[in-house]
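Peer 1: Take this structure, written in structure tokens, and hold onto it; I'll ask about it next.
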Amino acid sequence: MSEPLRIAVLKERASGETRVSATPETVKKFIALGAVVAVEKGAGEGASISDAEYEAVGAEVKSGAVTGADVVLGVQGPEPKALSGVRAGAWIVATLDPFKERGRVDEYASLGLEALAMEFMPRITRAQSMDVLSSQSNLSGYKAVIEAANLYGRAFPMMMTAAGTVSAAKAFVMGVGVAGLQAIATARRLGAQVSATDVRSATKEQIQSLGAKPIFVENVAGIEGEGAGGYATEMSEEYQKAQAELVSSHIAKQDIVITTALIPGRPAPRLISDAQIASMKPGSVIFDLAVAQGGNVEGSVPDQVVVKHGVKILGYSNTPAKLPADSSALYARNLYNFLSAFWDKEKGRPVLDEEIGDAVRLTRDGKVVNERLLGA
1 MSEPLRIAVL KERASGETRV SATPETVKKF IALGAVVAVE KGAGEGASIS
51 DAEYEAVGAE VKSGAVTGAD VVLGVQGPEP KALSGVRAGA WIVATLDPFK
101 ERGRVDEYAS LGLEALAMEF MPRITRAQSM DVLSSQSNLS GYKAVIEAAN
151 LYGRAFPMMM TAAGTVSAAK AFVMGVGVAG LQAIATARRL GAQVSATDVR
201 SATKEQIQSL GAKPIFVENV AGIEGEGAGG YATEMSEEYQ KAQAELVSSH
251 IAKQDIVITT ALIPGRPAPR LISDAQIASM KPGSVIFDLA VAQGGNVEGS
301 VPDQVVVKHG VKILGYSNTP AKLPADSSAL YARNLYNFLS AFWDKEKGRP
351 VLDEEIGDAV RLTRDGKVVN ERLLGA
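Just so you know, we're using my numbering here: the sequence shown kicks off at 1 and counts up by one.
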């Protein structure tokens with residue numbers, strides 16, 4: 001009988017990273033499949049999970065957790081030097097930021113490791129439960145509104161008091177993917193008057209279903225349907241000009257603006273200019289969820305409140321890390337759902353199929369093999 005699969009759970013080393021790639025819940029499930037799980041000491045501290053909680057479900061908790069590992073789980077891609085002692089051909093399962101960290105991917109290949117990028121998970125029905133971008137974006141959309149409300153300094157809902165009425169805040173969400181939809185829902189729950197826009201025509205109904213007002217360019221064609229993989233693609237100059245004019249007239253009346261637009265492998269599109277910020281009321285707030293990818297907002301700076309023309313602009317380089325317990329729980333379930341879906345009981349390990357395997361696999365047999373990365 002072959003040895004059981006050894007899974008290592010790393011302590012994250014990236015600055016500001018509070019999440020962990022496995023929770024006691026998912027460790028227990030991996031052990032039930034027949035795996036041995038080693039958790040690096042202190043791995044769960046940022047997410048309020050103690051070493052004792054991992055030990056209680058049967059994990060080994062130790063400093064050299066990667067030694068002899070067949071599968072290494074991480075949130076962000078580990079530095080190659082942190083992988084000393086893993087078995088030949090070991091899987092690295094994490095969000096690997098392949099376009100930005102191409103040099104690190106090449107190092108994984110040279111070490112003979114099989115790097116699996118969770119953010120390359122295809123957006124297909126059977127992979128929904130494995131989609132880390134969706135689970136983390138959901139929390140990001142929520143957190144963006146909460147942070148904006150905190151900075152705003154006024155109430156969100158309309159309040160009728162004996163001393164007079166407080167008007168509801170006007171919130172505008174730009175980009176209606178997973179994060180945008182959650183931002184709309186959260187702002188509505190807090191009592192704001194919410195509007196939203198996107199270049200994909202299919203999102204109109206989604207916006208309306210959440211009780212928000214869609215703001216769309218009507219006289220120039222946008223993207224019909226969903227766009228590639230549920231993401232928007234770059235638009236024509238004519239559309240961009242029409243969109244900028246529409247947004248300029250609308251944004252001047254808003255109290256809160258949340259921007260969420262990303263294009264995979266490309267810098268974030270610029271949605272709000274300095275002139276548009278200047279048109280907004282002093283005391284308004286913009287939260288730029290794309291700040292780490294270059295920003296949707298002119299002048300936004302990661303992890304800093306920037307004040308321009310009396311408007312406060314904020315964006316975090318790692319928004320899910322601001323909700324470490326919940327984001328870790330969801331991320332860890334995504335990883336478990338991924339590996340368990342391909343578990344071969346006879347071999348005692350996961351065996352990927354072509355559709356998902358080819359999509360997420362970056363390196364194999366000493367080479368970079370991913371078509372998206374090679375074509376970038």
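A virtual CB, placed ideally from N, CA and C, is assigned to each residue, including glycine. Source: prediction; values computed, not measured.
For Asp358, report the span of its alpha helix (DSSP H) as first-last.
Peer 2: Glu354 to Val360 is the span of the alpha helix (DSSP H), which, as asked, contains Asp358.
Peer 1: With contact counted as at least three CB pairs below 8 angstroms, one residue from each stretch, are the segment 362 to 373 and the segment 61 to 72 in contact?
Peer 2: Segments in contact, no.
Peer 1: Under 8 angstroms, do Ala35 and Leu10 count as touching if we go by C-beta distance?
Peer 2: Taking 8 angstroms as the Cβ cut-off, Ala35 and Leu10 do not qualify as a contacting pair.
Peer 1: Taking only runs that begin and end inside the segment 165 to 189, name each unbroken beta strand (DSSP E) of 3 or more residues, in chain order.
Peer 2: Here the runs fully enclosed are 170 to 174.
Peer 1: At the level of alpha carbons, what is the spacing between Tyr152 and Met160?
Peer 2: Tyr152 and Met160 have their C-alpha atoms some 19 angstroms from each other.
Peer 1: Taking the alpha-carbon of Phe338 as reference, which of Arg126, Ser110 and Gly295 has the nearest alpha-carbon?
Peer 2: Arg126
Peer 1: Within 10 angstroms of the Cβ of Phe120, are there 16 or more other Cβ atoms? Answer buried if so, exposed if not.
Peer 2: buried
Peer 1: Residues in the same chain with beta-carbon distance under 8 angstroms from Arg87, minus the five sequence neighbours each way, listed in chain order, please.
Peer 2: Arg6, Gly68, Ala69 and Asp70
Peer 1: In terms of residue numbering, what span does the alpha helix (DSSP H) encompassing Arg126 cover?
Peer 2: Segment: none, Arg126 is in no alpha helix (DSSP H) and carries neither H nor E.
Peer 1: Quick check on DSSP: helix, strand or coil for Glu238?
Peer 2: helix
Peer 1: Taking a contact to mean a Cβ-Cβ separation below 8 angstroms, would you say Val173 touches Ala155 in this structure?
Peer 2: no
Peer 1: Under DSSP, the alpha helix (DSSP H) around Val194 begins and ends at which residues?
Peer 2: Unbroken run through Val194 is the beta strand (DSSP E), Gln193 to Thr197; no alpha helix (DSSP H).
Peer 1: How is the alpha helix (DSSP H) around Gln208 delimited, first residue to last?
Peer 2: For Gln208, the enclosing alpha helix (DSSP H) has its first and last residue at Thr203 to Ser209.
Peer 1: Who does Ala115 pair with in a DSSP beta bridge?
Peer 2: Ile92
Peer 1: Could you tell me which residues DSSP pairs with Gln76 in its beta bridges?
Peer 2: Thr95
Peer 1: What is the rounded straight-line gap between the Cα of Lys170 and the Cα of Ser284?
Peer 2: 10 angstroms
Peer 1: Count the other C-beta atoms from every protein chain shown that fall within 10 angstroms of the C-beta of Val307, then say buried if there are 16 or more, exposed otherwise.
Peer 2: exposed
Peer 1: Assign Pro350 to one of three DSSP states: helix, strand, or coil.
Peer 2: strand
Peer 1: Can you tell me whether Glu79 is buried or exposed? The criterion is at least 16 other CB atoms within 10 Å of its CB, across all chains shown.
Peer 2: Exposed, because fewer than 16 other Cβ atoms sit within 10 Å of the Cβ of Glu79.
Peer 1: Going by beta carbon distance, what residues of the same chain come within less than 8 angstroms of Glu226, once the five residues before and after it are set aside?
Peer 2: Since pLDDT at Glu226 reaches only 48, below the 50 mark, its modelled position is unreliable, and the value read off the structure follows with that caveat. The beta carbon of Glu226 is closer than 8 angstroms to those of Arg200 and Ala202 in its chain, skipping five residues each way along the sequence.
Peer 1: Within the segment 269 to 349, note down every full alpha helix (DSSP H) run reaching 4 residues or more, in order along the chain.
Peer 2: 274 to 278 and 324 to 341
Peer 1: With DSSP as the reference, label Arg364 as helix, strand or coil.
Peer 2: strand
Peer 1: What does the Cβ neighbour count give for Gly315, buried or exposed, with the cut at 16 atoms within 10 Å?
Peer 2: buried
Peer 1: Hey, would you say Leu133 sits closer than 8 angstroms to Leu113, going by beta carbons?
Peer 2: no
Peer 1: Pick out whichever of Arg189, Ala321 and Ala149 has its Cα sitting closest to the Cα of Asp303.
Peer 2: Ala321
Peer 1: At what residues does the alpha helix (DSSP H) containing Glu55 begin and finish?
Peer 2: Segment Asp51 to Ala56, the alpha helix (DSSP H) holding Glu55.
Peer 1: Using the beta-carbon count (16 or more within 10 Å), is Phe342 buried or exposed?
Peer 2: With fewer than 16 Cβ atoms within 10 Å of its Cβ, Phe342 is classed as exposed.
Peer 1: What first and last residue would you give for the alpha helix (DSSP H) that runs through Arg13?
Peer 2: Neither: Arg13 is in no alpha helix (DSSP H) and is coded neither H nor E.
Peer 1: Taking DSSP as the reference, what is the three-state secondary structure of Pro4?
Peer 2: coil
Peer 1: Could you check what DSSP says for Gly230 in three-state terms: helix, strand or coil?
Peer 2: Only weak support exists for where Gly230 lies, its pLDDT of 49 falling under 50; the coordinates are left without a value.
Peer 1: From Asp106 to Phe30, what does the alpha carbon distance come to, in whole angstroms?
Peer 2: 29 angstroms
Peer 1: In terms of residues, what are the limits of the beta strand (DSSP E) holding Ala38?
Peer 2: Val36 to Glu40
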